[in-house]
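This report refers to the structure that appears directly beneath it.
Protein chains: 2
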Amino acid sequence: MANKIADLNRYIAKKGLKVTRQREAVAEVFFAEKGHISAEELYMKVAKSHPGIGLTTVYRTLKLLTEAGLAKERRFGEPQGVYEKEDEDRHHDHLICTRCGKIVEFKEPSIEEMQEDVARRYGFVVTDHKMELYGLCRTCSTA
Amino acid sequence: MANKIADLNRYIAKKGLKVTRQREAVAEVFFAEKGHISAEELYMKVAKSHPGIGLTTVYRTLKLLTEAGLAKERRFGEPQGVYEKEDEDRHHDHLICTRCGKIVEFKEPSIEEMQEDVARRYGFVVTDHKMELYGLCRTCSTA
DNA sequence: TATAAAATGACAACGGTTATCATTTTCAGG
DNA sequence: CCTGAAAATGATAACCGTTGTCATTTTATA
Ligand SMILES: [Mn+2]
Ligand SMILES: [Mn+2]
Ligand SMILES: [Zn+2]
Ligand SMILES: [Zn+2]
């Protein structure tokens, strides 16, 4: 994901910030992730290849990535936030199993349209939304 | 509101717990609320008529009310949780203005049906869901 | 009224995140 | 390449909403 790193560096330049080894290290590990990862977990993974990088820096980098539109913070009912890669056309919502923690991502344009309708009806302009369905996955409900 | 208190007392009896002045005081103020209120705010309001009641007890009572199905905790992107009255047929979702904080409640059965569809498609049995639309209210978007 | 169980209030502790600050690093200009 | 101003880092303390602890009080049952 060299292009992702390039996107980050472009954002950094645009904002007059600076490229650092730490930012690249954190971003690289983050972009290599598939699912949702907490700051603490990311910190641990980064530490393997780059010991010495502080948890604070991981938090700061995640915030930077979020501002740059490359990461998104999620909150699935737990106090600890998790992050995932963000991309204009990667928007999705989540199904969360409250028993085993399994998370399924889905996209449902027809629901999104209806959300727009509802918002319009109340005079709102929607900029973001959150939809989470909590329940039991197949494995957990048949056990 | 007397019936709400009665509901609470019924739940308390069923669980072998005890009716106390504090619980009644907190519940009364809570049930008299219209919108969403934080534990801290509720604590302040309760203090006016019943000084001496601790914040801890307010938290405990809110948890009790939630277990009894009479209150529901909400989180609108801020660290501080807020509570609102709960009722089987009072389910609704929220439109939140990110500028002025205005919150509009709405109910959209067709969306709820589609949520069920999506869940079924992935083998999930939904027990709860969260849908929040963030954006600008009419006042804020035309200013 | 005696008794066991539960609730209370004061306070400490928790956990995830952010602020502070001395030190180090980056990078534009010379 | 240097130099210097601006920004970033890491260690640590602080923050803040919430929950745990525990001695004391209150409730409800018999
Ligand atoms: Mn996701
Ligand atoms: Mn509501
Ligand atoms: Zn499951
Ligand atoms: Zn507004």
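Heads up: the protein sequence lines correspond to chains A and B, in order. Mapping to the numbering used here: the first sequence position 31 is 825, numbers consecutive. Mapping to the numbering used here: the second sequence position 52 is 846, numbers consecutive. Ideal Cβ positions, reconstructed from N, Cα and C, are used throughout, including at glycine. Since the structure is predicted, the reported quantities are computational estimates derived from the model, not experimental observations.
Only counting the same chain, and skipping five residues up and downstream in sequence, which positions put a Cβ closer than 6 Å to that of residue i?
{"i": "L938(A)", "result": "Residue 938(A) lies beyond the residue range present for chain A, which begins at 795 and ends at 937; the question has no answer from this structure."}
Return the chain-ordered list of same chain residues with a C-beta closer than 7 Å to the C-beta of residue i, the five sequence neighbours on each side being excluded.
{"i": "V840(A)", "result": "A819, V820, V823, I847 and V852"}
{"i": "C934(A)", "result": "C891, R893 and C894"}
{"i": "Q874(B)", "result": "S832"}
{"i": "C931(A)", "result": "C891, C894 and K896"}
{"i": "T860(B)", "result": "K866 and E867"}
{"i": "Y837(A)", "result": "L849 and V852"}
{"i": "E907(A)", "result": "none"}
What does a CB cutoff of less than 8 Å around residue i pick up in its chain, not counting 5 residues either side in sequence?
{"i": "V920(B)", "result": "Q909, E910 and A913"}
{"i": "F918(B)", "result": "none"}
Roughly how far, in whole angstroms, is the beta-carbon of residue i from the beta-carbon of residue j, given that I think they are within contact range, below 8 Å?
{"i": "I831(B)", "j": "V898(B)", "result": "About 17 Å separates the two Cβ atoms, so there is no contact after all."}
{"i": "L864(A)", "j": "E880(A)", "result": "6 Å"}
{"i": "M925(B)", "j": "M925(A)", "result": "5 Å"}
{"i": "L849(B)", "j": "A833(B)", "result": "7 Å"}
{"i": "I806(A)", "j": "K798(A)", "result": "Not really, about 13 Å apart at Cβ, beyond 8 Å."}
Alpha carbon to alpha carbon, how far is residue i from residue j?
{"i": "L802(B)", "j": "F900(A)", "result": "39 Å"}
{"i": "G929(A)", "j": "T814(A)", "result": "42 Å"}
{"i": "I905(B)", "j": "D887(A)", "result": "14 Å"}
{"i": "R884(A)", "j": "F870(B)", "result": "23 Å"}
{"i": "R817(B)", "j": "R868(B)", "result": "21 Å"}
{"i": "S843(A)", "j": "G810(A)", "result": "28 Å"}
{"i": "T936(A)", "j": "Y916(B)", "result": "14 Å"}
{"i": "R804(A)", "j": "E835(A)", "result": "26 Å"}
{"i": "E800(B)", "j": "K808(B)", "result": "Residue identity check: residue 800(B) is Ala in the sequence provided, not Glu. Rounded to whole angstroms, A800(B) to K808(B) spans 12 Å at the Cα level."}
{"i": "E882(A)", "j": "D922(A)", "result": "12 Å"}
{"i": "G829(A)", "j": "E878(A)", "result": "6 Å"}
{"i": "P845(A)", "j": "P903(A)", "result": "43 Å"}
{"i": "R854(A)", "j": "E872(B)", "result": "19 Å"}
{"i": "L858(A)", "j": "A862(B)", "result": "42 Å"}
What does DSSP give as the partner residues of residue i in its beta bridges?
{"i": "R890(B)", "result": "For the record, residue 890(B) in the displayed sequence is Ile; it is not Arg. Answer by DSSP bridge pairing, in chain order: I897(B) and Y928(B)."}
{"i": "S832(A)", "result": "V876(A)"}
| request: Within the segment 901–930 of chain A, note down every full beta strand (DSSP E) run reaching 3 residues or more, in order along the chain. | output: 919–930
| Ordered list of beta strand (DSSP E) runs contained in the segment 851–884 of chain A, each at least 3 residues | 865–868 and 876–879
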